[in-house]
Amino acid sequence: MGEHGDMGHLHEEIHQLEDEFRSLEFNRPYETEKLRELATEIYEKKVQLAESELQF
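Structure below.
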C-alpha cells in the first residue's frame, strides 16, 4: 500500500517539474542549461515511475 503512495508522490513530482519546465521554457528560453537539467530530471522520474509500475 505504501508503494502506491510513492507512485502518487512521483506523479505529483513529475507534474510539478513539468509545470516548472513549461514556465521556464516560455519565460526564459535562453536558460538552456537549466532547461536541460529539468528535462533530464523529468525523464529520470518518469523512468522510475514506469519501473515501479512494472513491479505490480
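Note that my numbering numbers the sequence shown so that position 40 is 38, with each residue one more than the last. Glycine residues also receive a C-beta, built at the ideal position from the N, C-alpha and C atoms.
In terms of CA proximity to ILE12, LYS43 leads the group GLU49, GLU51, LYS43 and PRO27. Annotation: the continuous alpha helix (DSSP H) that includes ARG34 extends over 30 to 52.
The alpha carbon of LYS32 has as its nearest neighbour, out of VAL45, LEU47, LEU15 and ALA48, the alpha carbon of LEU15. A straight line joining the alpha-carbon of ASP4 with that of GLU29 spans about 31 Å. Distance between LEU8 and VAL45, taken at the CA atoms: about 10 Å.
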